[in-house]
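> Structure in structure tokens, see below.
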Amino acid sequence: MKILVPVKRVVDYNVKVRVKPDNSGVDIANVKMSMNPFCEIAVEEAVRLKEKGVATEIVAVSAGVAQCQETLRNAMAIGADRGILIETDVELQPLAVAKLLKAVVDKEQPKLVVLGKQAIDDDANQTGQMLAALLGWGQATFASKVEVAGDTATVTREVDGGLETVSLKLPAIITTDLRLNEPRYATLPNIMKAKKKQLDNVKPADLGVDVTPRLTTLKVEEPPKRQGGVKVADVAALIDKLKNEAKVI
Amino acid sequence: MSSYHAPTKEFKFLLETLAPLKDLAALPHFAEATPDTVFAIIDESAKFANEVLDPLNWSGDQEGAKHNPADCSVSTPKGFKAAYDAYCAMGGAALPMPEEFGGLGMPRSLITLTDEMVHSSNMSFGLLPMLTQGAIEALLLAGSDELKATYLEKMVSGEWTGTMNLTEPQAGSDLALVKTRAEPQPDGTFKIFGTKIFITFGEHDFTDNIIHLVLARLPDAPEGVKGISLFIVPKFLVNKDGSLGARNDAKCVSIEHKLGIHGSPTCVMQFGDDGGATGYVVGEVNRGLEYMFVMMNLARFGVGLQGIGIAERAYQRAVAFARERVQSRDVGAPKNPSVPIIRHPDVRRMLLRMRSQIEAARALAVATGYAFDLAEAHPDADVRKANKAFVDLMIPVHKGWATEMAQDVTYQGIQVHGGMGFVEETGAAQHYRDARITTIYEGTTAIQANDLVGRKMAREGGVSARALIGTLRAFNAELAKSDNAHLQVAANKLARGVDAMERAVDFNLAHFNQNVRACFAGSVPMVKLFGIVCGGWQLARAAAEAHRRLVAGDADRDFLEAKIATLRYFVDTMIPEAVAAAEVIVDGSEGTLALAEAAF
Numbered sequence: 006m007k008i009l010v011p012v013k014r015v016v017d018y019n020v021k022v023r024v025k026p027d028n029s030g031v032d033i034a035n036v037k038m039s040m041n042p043f044c045e046i047a048v049e050e051a052v053r054l055k056e057k058g059v060a061t062e063i064v065a066v067s068a069g070v071a072q073c074q075e076t077l078r079n080a081m082a083i084g085a086d087r088g089i090l091i092e093t094d095v096e097l098q099p100l101a102v103a104k105l106l107k108a109v110v111d112k113e114q115p116k117l118v119v120l121g122k123q124a125i126d127d128d129a130n131q132t133g134q135m136l137a138a139l140l141g142w143g144q145a146t147f148a149s150k151v152e153v154a155g156d157t158a159t160v161t162r163e164v165d166g167g168l169e170t171v172s173l174k175l176p177a178i179i180t181t182d183l184r185l186n187e188p189r190y191a192t193l194p195n196i197m198k199a200k201k202k203q204l205d206n207v208k209p210a211d212l213g214v215d216v217t218p219r220l221t222t223l224k225v226e227e228p229p230k231r232q233g234g235v236k237v238a239d240v241a242a243l244i245d246k247l248k249n250e251a252k253v254i
Numbered sequence: 040m041s042s043y044h045a046p047t048k049e050f051k052f053l054l055e056t057l058a059p060l061k062d063l064a065a066l067p068h069f070a071e072a073t074p075d076t077v078f079a080i081i082d083e084s085a086k087f088a089n090e091v092l093d094p095l096n097w098s099g100d101q102e103g104a105k106h107n108p109a110d111c112s113v114s115t116p117k118g119f120k121a122a123y124d125a126y127c128a129m130g131g132a133a134l135p136m137p138e139e140f141g142g143l144g145m146p147r148s149l150i151t152l153t154d155e156m157v158h159s160s161n162m163s164f165g166l167l168p169m170l171t172q173g174a175i176e177a178l179l180l181a182g183s184d185e186l187k188a189t190y191l192e193k194m195v196s197g198e199w200t201g202t203m204n205l206t207e208p209q210a211g212s213d214l215a216l217v218k219t220r221a222e223p224q225p226d227g228t229f230k231i232f233g234t235k236i237f238i239t240f241g242e243h244d245f246t247d248n249i250i251h252l253v254l255a256r257l258p259d260a261p262e263g264v265k266g267i268s269l270f271i272v273p274k275f276l277v278n279k280d281g282s283l284g285a286r287n288d289a290k291c292v293s294i295e296h297k298l299g300i301h302g303s304p305t306c307v308m309q310f311g312d313d314g315g316a317t318g319y320v321v322g323e324v325n326r327g328l329e330y331m332f333v334m335m336n337l338a339r340f341g342v343g344l345q346g347i348g349i350a351e352r353a354y355q356r357a358v359a360f361a362r363e364r365v366q367s368r369d370v371g372a373p374k375n376p377s378v379p380i381i382r383h384p385d386v387r388r389m390l391l392r393m394r395s396q397i398e399a400a401r402a403l404a405v406a407t408g409y410a411f412d413l414a415e416a417h418p419d420a421d422v423r424k425a426n427k428a429f430v431d432l433m434i435p436v437h438k439g440w441a442t443e444m445a446q447d448v449t450y451q452g453i454q455v456h457g458g459m460g461f462v463e464e465t466g467a468a469q470h471y472r473d474a475r476i477t478t479i480y481e482g483t484t485a486i487q488a489n490d491l492v493g494r495k496m497a498r499e500g501g502v503s504a505r506a507l508i509g510t511l512r513a514f515n516a517e518l519a520k521s522d523n524a525h526l527q528v529a530a531n532k533l534a535r536g537v538d539a540m541e542r543a544v545d546f547n548l549a550h551f552n553q554n555v556r557a558c559f560a561g562s563v564p565m566v567k568l569f570g571i572v573c574g575g576w577q578l579a580r581a582a583a584e585a586h587r588r589l590v591a592g593d594a595d596r597d598f599l600e601a602k603i604a605t606l607r608y609f610v611d612t613m614i615p616e617a618v619a620a621a622e623v624i625v626d627g628s629e630g631t632l633a634l635a636e637a638a639f
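Top to bottom, those sequences are chains C and X. Taking our numbering, the leading residue of the first sequence gets 6, the next gets one more, and so forth. Taking our numbering, the leading residue of the second sequence gets 40, the next gets one more, and so forth.
As structure tokens, then:
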């Protein structure tokens with residue numbers, strides 16, 4: 006069984022991002038970039054499925070600038086067998102990525118697509134769902150446990166009220182939540198081997214996909230600074246403030 | 040408590056500038072070490088240091104290693120064994136080792152930085168792979184094929200660890216006094232009897248076996264250093280099929296209570312209490328010390344990296360504190376509210392003193408690591424020879440200066456914290472305590488200094504030192520042409536440092552034969568002088584590259600401008616210390632030697 010794992014290159018989670026002075030976006034020049042942590046979990050899960058003998062091949066795919074190669078090499082160091090870079094300098098939005106991935110799925114014919122539930126830069130949480138819709142496949146989002154037997158995947162999902170277990174017919178889409186697994190460190194020998202694995206480079210046009218953004222970013226601002234606290238004299242004063250200042254009761 | 044973040048951007052910049060990986064990867068020996076691979080290794084090693092080793096540093100210090108007298112075992116602090124297993128699984132132990140024995144064969148230029156990260160995040164932990172590397176080097180150098188086949192692969196992977204058993208109660212810096220006995224047996228093995236002290240990780244609970252390398256004397260051996268042989272004494276004997284056999288007669292009878300590196304057990308090892316520990320000679324008998332000294336170069340290089348690593352950790356902690364701690368108003372704006380202390384000029388001074396010395400020492404370490412690689416792998420014999428000479432000259436400078444600099448930096452680290460640095464809970468004190476050993480083991484600063492003024496300078500008539508001075512002068516002349524005001528000043532001040540260096544070298548060469556005591560009285564200042572001038576030189580090379588990139592329009596201005604500003608602080612404040620050191624060397628020996636011994 007072949008598994009496709011889409012991975013995204015994002016600002017490293019340790020970096021404290023800054024809004025650009027013209028409020029057009031977040032400044033990502035010269036900051037450390039890494040694989041989106043949820044995507045790492047997806048790669049790890051695919052590798053575990055391969056180690057269990059469920060999967061036979063793992064293909065990592067990334068869309069974006071040329072440097073996404075590093076993210077793919079990282080996925081291959083963790084255990085993906087080969088990589089596909091869909092190279093473009095255009096700002097990619099979830100629908101465009103889902104369309105690109107659909108084109109890759111059509112070509113690669115995986116039985117399972119495992120991807121992060123969201124990326125820590127835009128927190129959109131859309132690509133997996135959109136891909137499932139475009140393909141007409143079943144989806145299990147926010148997975149915290151995955152079991153595959155024959156043509157069925159049993160997935161435990163993290164939902165607001167607790168856990169929900171669903172059963173899906175393959176092919177299917179699974180998006181990963183934080184508690185699904187703890188990704189391993191890539192071993193240094195595997196980092197060296199990853200360089201020799203196959204990495205194909207295609208352009209969106211090769212896949213027949215128009216990636217022109219549909220959404221326009223109007224303005225990006227820092228969250229408001231946290232206000233300092235005050236000591237209230239008594240409960241009455243507290244109630245008063247909650248009612249009249251905070252307007253929460 | 041603030042956590043460690045490996046300065047990977049600085050690492051990559053230094054490799055590109057001072058250890059060009061493109062050139063290195065062009066050598067067949069290092070074909071795998073392409074920039075993308077090396078950078079990926081740095082990133083993954085950084086993650087490991089930040090996320091696994093750093094969180095165990097403080098708890099390891101508080102808990103410490105424990106000795107269990109009942110069975111002579113040692114328990115390491117909580118989490119250390121799991122971290123060691125993960126480190127080996129990741130391939131950390133194998134990184135610098137030859138591919139023939141399962142290593143990854145990566146260049147020293149890279150190892151310089153991966154080792155620094157290990158020591159920054161957890162120096163107690165870092166000692167084990169460091170000592171094992173040393174034991175492996177000794178075996179590679181002199182071990183028989185049989186010994187190599189039996190031990191190397193498992194030591195390279197980290198499945199077994201290694202120790203270096205040199206010191207005895209009466210034989211510290213002076214190994215000629217080693218008394219441990221080795222009695223030849225009819226089957227070609229030896230029985231070892233004696234006590235070794237200060238044996239780092241001589242016993243622990245990480246691995247099934249521990250491979251001790253032990254210096255000992257044969258019964259008929261000549262007196263002094265020419266009668267010392269090197270032996271392998273495994274904790275468990277190894278059967279022909281590689282499985283573990285009988286427990287050897289080598290035990291850890293106690294561990295030391297130390298000022299720092301509490302997570303690392305420092306063992307008293309007893310050999311031969313129950314009839315003799317089985318040992319196998321490494322190389323030829325009576326040549327043990329010679330083998331040790333070849334290995335020692337790497338060990339000294341490694342301890343210098345500990346100095347840089349622990350200093351970096353202390354710096355990061357001090358910066359984090361200085362940004363957070365609000366105290367007093369800005370002296371330049373006394374009407375405004377109180378400010379974080381990083382605003383105060385003297386706190387800046389302390390932080391810059393820390394930062395600039397670390398960056399200079401690190402730049403020198405990377406340049407030396409690169410010379411190691413060229414000395415090993417360059418096809419041209421002359422290039423190999425020149426780089427070997429540079430490495431030999433720089434080893435005592437790097438070890439001596441980087442570890443002394445770490446004393447200053449960890450001291451300043453506490454000072455930035457004020458009273459909060461003197462209490463343990465901020466972690467600043469641990470760095471100060473941990474750093475303290477680095478100027479002592481693998482040869483004290485004085486031993487490095489004597490090596491520099493004696494073997495590395497006087498004995499060869501100053502050829503390498505003069506070649507270095509020539510290189511420095513040519514570099515300064517080039518730097519002086521820069522259109523950047525800071526770099527011009529740096530060229531000018533570095534030139535003063537080189538003048539001072541030349542005066543000191545001349546003095547040493549002129550007086551070494553007639554008045555060697557005068558030369559040795561100024562040997563430690565010589566280490567400092569060389570450290571500052573050579574560190575400044577490499578820092579200036581990095582700053583010149585930063586300037587070149589800025590002119591070319593590189594957008595990472597903050598990082599590149601900081602490089603130049605750091606150099607400016609360094610030449611303004613450290614070069615005068617180098618000039619003063621020269622004055623002490625040339626004109627200070629009489630004062631050092633004047634007081635009658637009885638008057639102390």
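Note that CB positions come from ideal geometry on N, CA and C, so glycine has one too. Keep in mind that this is a model prediction, so the values were computed, not measured.
What residue from X:N523, X:V625, X:G574 has the CA that sits closest to N554 of chain X's CA?
X:V625
> Could you pull out every residue in the same chain whose Cβ sits closer than 6 Å to the Cβ of V292 of chain X, ignoring the five residues on either side in sequence?
V307, Q309.
> By Cβ distance below 7 Å, which residues in the same chain neighbour A125 of chain X in space, the five residues on each side in sequence not counted?
V91
> Do you know whose CA, among C:A34, C:I254, C:V70, C:V16, lies nearest P209 of chain C's CA?
C:V70
> Would you decide whether M40 of chain X is buried or exposed? Buried here means 16 or more other CB atoms lie within 10 Å of its CB.
Counting every other CB atom within 10 Å of its CB across the protein chains shown gives M40 of chain X a total below 16, marking it as exposed.
> Grab me the residues of N186 of chain C's own chain with a C-beta within less than 7 Å of its C-beta, minus the 5 sequence neighbours each way, in chain order.
Here the set comprises I46, E49, E50, R53.
> Determine, using beta carbons only, whether K200 of chain C comes closer than 7 Å to chain X.
yes
> Within its chain, find whatever has a CB closer than 8 Å to the CB of D330 of chain C; leave out the 5 residues flanking it on each side and keep chain order.
Because chain C is modelled from 6 through 254, residue 330 of chain C falls outside the range shown and cannot be assessed.
> DSSP three-state label for G88 of chain C, please.
strand
> K248 of chain C lies in the alpha helix (DSSP H); which residues open and close that run?
240 to 249
> So N195 of chain C packs on A85 of chain C, CB below 8 Å; how close in whole Å?
That belief does not hold up - the Cβ atoms of N195 of chain C and A85 of chain C are roughly 10 Å apart, past 8 Å.
> Report yes or no: is there a C-beta of chain X within less than 7 Å of the C-beta of T76 of chain C?
no
> Please give me, in chain order, every unbroken run of the alpha helix (DSSP H) with length at least 4 that falls completely inside the segment 405 to 463 of chain X.
420 to 456, 458 to 461
> Write down the C-beta distance between G165 of chain X and A399 of chain X rounded to the nearest angstrom, noting that I regard them as a contact closer than 8 Å.
Their Cβ separation, rounded to whole angstroms, is 22 Å, which puts G165 of chain X and A399 of chain X out of contact at 8 Å.
> May I ask you to list, following chain order, the residues of the segment 74 to 88 of chain X that have a beta carbon less than 9 Å from some beta carbon of chain C?
Listed in sequence order: D75, T76, F78, A79, I80, D82, E83, S84, K86, F87.
> Touching or not, the segment 466 to 476 of chain X and the segment 524 to 540 of chain X, by the rule of three or more beta carbon pairs under 8 Å?
Contact between the segment 466 to 476 of chain X and the segment 524 to 540 of chain X is absent: fewer than three C-beta pairs spanning the two stretches fall below 8 Å.
> Can you list, in chain order, the residues of its chain whose CB lies under 7 Å from that of N206 of chain C, leaving out five sequence neighbours each side?
L90, E92
> Select from C:A108, C:R78, C:R14 the residue whose C-alpha is nearest the C-alpha of F202 of chain C.
What sits at residue 202 of chain C in the sequence shown is Lys, not Phe. Of the candidates C:A108, C:R78, C:R14, the one whose C-alpha sits nearest the C-alpha of K202 of chain C is C:R78.
> For P208 of chain X, which residues from the same chain have a beta carbon less than 8 Å from its beta carbon, with the 5 sequence-adjacent residues on both sides left out?
T234, I236
> Counting only runs that start and end within the segment 7 to 70 of chain C, where is the alpha helix (DSSP H) found for 4 or more residues in a row?
42 to 56
> With distances taken Cα to Cα, identify the nearest neighbour of R23 of chain C among C:N35, C:S67, C:D245, C:V12.
C:N35
> Just how far apart, CA to CA, sit V1 of chain C and I179 of chain C?
Nothing in the structure corresponds to residue 1 of chain C, since chain C is present only between 6 and 254.
> What in chain X is Cβ-close to N206 of chain C, meaning under 7 Å?
Per Cβ cutoff of 7 Å: no residues; N206 of chain C is ~15 Å from chain X at best.
> Going by beta-carbon coordinates alone, are V436 of chain X and G570 of chain X separated by less than 7 Å?
In contact: V436 of chain X and G570 of chain X (Cβ atoms closer than 7 Å).
> Within 10 angstroms of the Cβ of G121 of chain C, are there 16 or more other Cβ atoms? Answer buried if so, exposed if not.
buried
> Would you say E629 of chain X lies against chain C (beta-carbon separation less than 7 Å)?
Chain C contact via Cβ: absent.
> Would G346 of chain X be called buried (16 or more neighbouring beta carbons within 10 Å of its own) or exposed?
Buried is the call here.
> What three-state label does DSSP hand M203 of chain X in the structure shown?
strand
> Which chain C residues are close to H44 of chain X, counting only those with a beta carbon under 7 Å from its beta carbon?
N19
> Would the segment 193 to 212 of chain X count as touching the segment 129 to 148 of chain X if we require 3 or more Cβ pairs under 8 Å?
yes
> Would you say L183 of chain C faces chain X, with C-beta separation under 7 Å as the test?
no
> Buried or exposed: which applies to P67 of chain X, given that a residue is buried once 16 or more other Cβ atoms fall within 10 Å of its Cβ?
exposed
> Starting from E152 of chain C, follow its DSSP beta bridges and name the residues at the other end.
C:T159
> Which same chain residues, not among the five before or five after E138 of chain X, have their C-beta less than 8 Å away from its C-beta?
Residues of the same chain with a CB within less than 8 Å of the CB of E138 of chain X, apart from the 5 flanking positions on each side, are G144 in chain order.
> Using 7 Å as the threshold, is the C-beta distance between V237 of chain C and L243 of chain C below it?
Contact: yes.
> With a threshold of 7 Å on Cβ separation, who are the neighbours of D3 of chain C within its own chain once the five nearest residues in sequence on each side are excluded?
Chain C is shown only over 6 to 254; residue 3 of chain C falls outside these bounds and no answer can be derived.
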